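Okay, structure first, notes after.
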């Protein structure tokens, strides 16, 4: 059987004016059309929506659409949104149908990648999710598979996301997909469904454990990483270290907090967990945080270990409103290494997640299960890398104070 594959790094099958970003956007839209995610006769989303979805500029989307019009996969009238054409036909403005070879891509060679496209904006090298996606895509393409990206939403949370996750999981199973790589957000809602589907087709979870020990998982060793970061600050002489986190029950958040707790307990230092509003607006009150950091100089924390880089950004901003500076008054660390600097350009010390390696390992794990469905489920935790920047300098205070 000939399996159609797409090499995202190749430019031989497209006009030379297409950039690498346009090629990738074209490949993603083509895969969605071939898989039936965008149905025949359906309008494509708006350019703005697609640009946000794929984290690219709108001109990249326009180039991708132009290419798909040339291929006959979609049709477009002036000032109208593109429409998915009939499979095997290229519908021209005259209404005549021109024969086009049908795709030889079987549904079993498709792998659903269910995740959020990421926050973007401040992230320096594409979103963490995008970095995972392209690593997955490259690995699967080499093996003759296609990754079909099923985006959860711009900001996944709540009941709507839970329903979308369930719908995508059912979609992959009902349409004969070979497997699923799933980055869950609603955590507990679809646990039974994930377990059921994993018994029918291979499923690999990213970042968060859902469905029990018999579902494949790839993520970072959050406990060890946060233990190492807290230990770093303890070695610098800090003894009043606050851990700033959302009180979220998900696996990485809880594991990071446990790593912090074990480190400070082992050093005989004060244990102080400061919770912030879960999923709230960044301008919402943080009463516990403000109470802790309004303490007198000899009592307030000298360092803040944050659950992620975005939390560290908010912490730095709130310390500023309290008249405290980073790092002179409070040293700050983050987690993920997606936002390398605090407001004002101060480098942020953080634990860097190996996002590309996570994608590679997830794809390799899925491929092993596709080759041998009886393979035992694996739980893979990769090490994070400490990246020390200006937000945690050597302290200039007396550690005994």
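Numbering (our numbering), first residue to last: 11 to 411. Think of the CB as a built atom: it goes at the ideal place given N, C-alpha and C, for glycine as much as any other residue. Just so we're clear, the structure is a prediction, and the values are computed from it rather than from any experiment.
If distances are taken between C-alpha atoms only, which option among 80, 75, 308 comes closest to residue 7? Summary: the structure shown does not reach residue 7, with the chain confined to residues 11 through 411, and so no result is reported for it.
Our contact map puts residue 175 next to residue 162 with C-beta atoms below 8 Å; I'd like the distance itself, whole angstroms only. About 7 Å separates the Cβ atoms of residue 175 and residue 162, confirming a contact at the 8 Å cut-off.
Considering just the uninterrupted stretch of the alpha helix (DSSP H) at residue 159, what are its terminal residues? Residue 159 -> not in any alpha helix (DSSP H); beta strand (DSSP E) instead, spanning 156-161.
If we count Cβ pairs, one from each stretch, closer than 8 Å, do we get three or more for the region 272-288 versus the region 331-344? Judged by Cβ distances under 8 Å, the region 272-288 makes no contact with the region 331-344, as fewer than three pairs qualify.
Does the region 212-232 come close enough to the region 185-201 to have 3 or more Cβ pairs within less than 8 Å? Proximity of the region 212-232 to the region 185-201 meets the contact definition, three or more beta-carbon pairs being nearer than 8 Å.
Let's see if you can read the secondary structure: which residues bound the alpha helix (DSSP H) around residue 229? It is not in any alpha helix (DSSP H) - residue 229 instead sits in the beta strand (DSSP E) that spans 226-230.
Classify residue 195 as helix, strand or coil using the three-state DSSP reduction. Note: residue 195 maps to coil in three-state DSSP.
Here's a check: name, in chain order, each residue in its chain whose Cβ is nearer than 8 Å to the Cβ of residue 104, leaving out the five neighbours to either side. Legend: pLDDT at residue 104 = 34, less than 50; position of this residue unreliable, no value from coordinates given.
Kindly indicate the opening and closing residues of the alpha helix (DSSP H) around residue 320. 319-331 is the span of the alpha helix (DSSP H), which, as asked, contains residue 320.
Helix, strand or coil for residue 389? Go by DSSP, reduced to three states. Residue state for residue 389 is assigned as strand, using DSSP reduced to three classes.
With residue 158 and residue 40 assumed to form a contact (beta carbons below 8 Å), what rounded beta-carbon distance in angstroms separates them? That belief does not hold up - the Cβ atoms of residue 158 and residue 40 are roughly 10 Å apart, past 8 Å.
Inter-residue CB distance, residue 233 and residue 269 (contact presumed, cutoff 8 Å): Indeed, because the Cβ distance is near 4 Å, the residues count as touching under 8 Å.
From residue 391 to residue 312, what distance separates their C-alpha atoms? For residue 391 and residue 312, the distance between alpha carbons rounds to 31 Å.
Hey, residue 329 and residue 302 are a contact pair by Cβ (cut 8 Å); roughly how many whole angstroms apart? Their Cβ separation, rounded to whole angstroms, is 11 Å, which puts residue 329 and residue 302 out of contact at 8 Å.
Own chain residues within Cβ distance below 8 Å of residue 78, not counting five before or after: Here the set comprises 36, 39, 40, 43, 84, 92.
Can you find the residues in the same chain that come closer than 6 Å, C-beta to C-beta, to residue 27, ignoring five residues on each side of it along the sequence? Low per-residue confidence applies at residue 27: pLDDT is 48, beneath 50, and the placement is therefore not dependable, though the value from the model is reported in the following sentence. Nothing listed; no residue qualifies.
Kindly say whether residue 246, judged by its beta-carbon, lies nearer than 7 Å to any beta-carbon of chain B. Here there is only one protein chain, and chain B is not present.
Given residue 222, which residues of its chain have a CB within under 7 Å of its CB, disregarding the five upstream and five downstream residues? Excluding sequence neighbours, residue 222 sits near 205.
DSSP state of residue 114, grouped into three classes? Per-residue confidence for residue 114 stands at a pLDDT of 46, beneath the threshold of 50, marking its modelled position as unreliable; the derived number appears in the next sentence. Here residue 114 sits in coil by DSSP.
Residue 343, buried or exposed, once every other Cβ within 10 Å from all chains shown has been counted against 16: Within 10 angstroms of the beta-carbon of residue 343 lie 16 or more other beta-carbons, which makes it buried.
Closest by C-alpha distance to residue 315, when choosing among 220, 250, 54: Of 220, 250, 54, the residue nearest in Cα terms is 250.
6 Å Cβ shell around residue 118 - same chain, five flanking residues per side excluded: So the list reads 186, 188, once near-sequence residues are dropped.
Residue range of the unbroken alpha helix (DSSP H) whose run includes residue 145: Here the alpha helix (DSSP H) through residue 145 covers 138-152.
Give the DSSP-derived three-state secondary structure of residue 362 in the structure shown. In the three-state reduction of the DSSP assignment, residue 362 falls in the strand class, which pools E and B.
Under the three-state DSSP convention, the category residue 91 falls into: Three-state result, residue 91: coil.
For the beta strand (DSSP E) that residue 253 lies in, which residues bound it at each end? Looking at the DSSP string, the run of the beta strand (DSSP E) that includes residue 253 is 250-256.
Look up residue 171 in the DSSP assignment and say whether it is helix, strand or coil. Residue 171: helix per DSSP, three-state reduction.
Less than 7 Å separating the beta-carbons of residue 137 and residue 65? Their beta carbons are under 7 Å apart, which means residue 137 touches residue 65 by this criterion.
Buried or exposed for residue 149, going by 16 or more other Cβ atoms inside 10 Å? By the neighbour-count rule (16 or more Cβ atoms within 10 Å), residue 149 is buried.
Which value, in whole angstroms, describes the spacing of the CA atoms of residue 55 and residue 332? Spanning the alpha carbons of residue 55 and residue 332 requires a straight line of approximately 44 Å.
Helix, strand or coil for residue 349, going by three-state DSSP, please let me know. Coil, per DSSP.
Please confirm whether residue 396 and residue 265 have their CB atoms less than 7 Å apart. Contact: no.
Is the beta carbon of residue 385 closer than 7 Å to that of residue 378? Yes, Cβ-Cβ distance for residue 378 and residue 385 is below 7 Å.
Is residue 49 buried or exposed, if buried means 16 or more other CB atoms sit within 10 Å of its CB? With fewer than 16 neighbouring CB atoms inside 10 Å of its own CB, residue 49 falls in the exposed class.
Ordered along the chain, which non-local residues of its own chain (more than five positions away) have a Cβ less than 6 Å from that of residue 280? Same-chain partners within the cutoff: 250.
Alpha carbon to alpha carbon, how far is residue 160 from residue 126? If I take the Cα positions, the gap works out to 8 Å.
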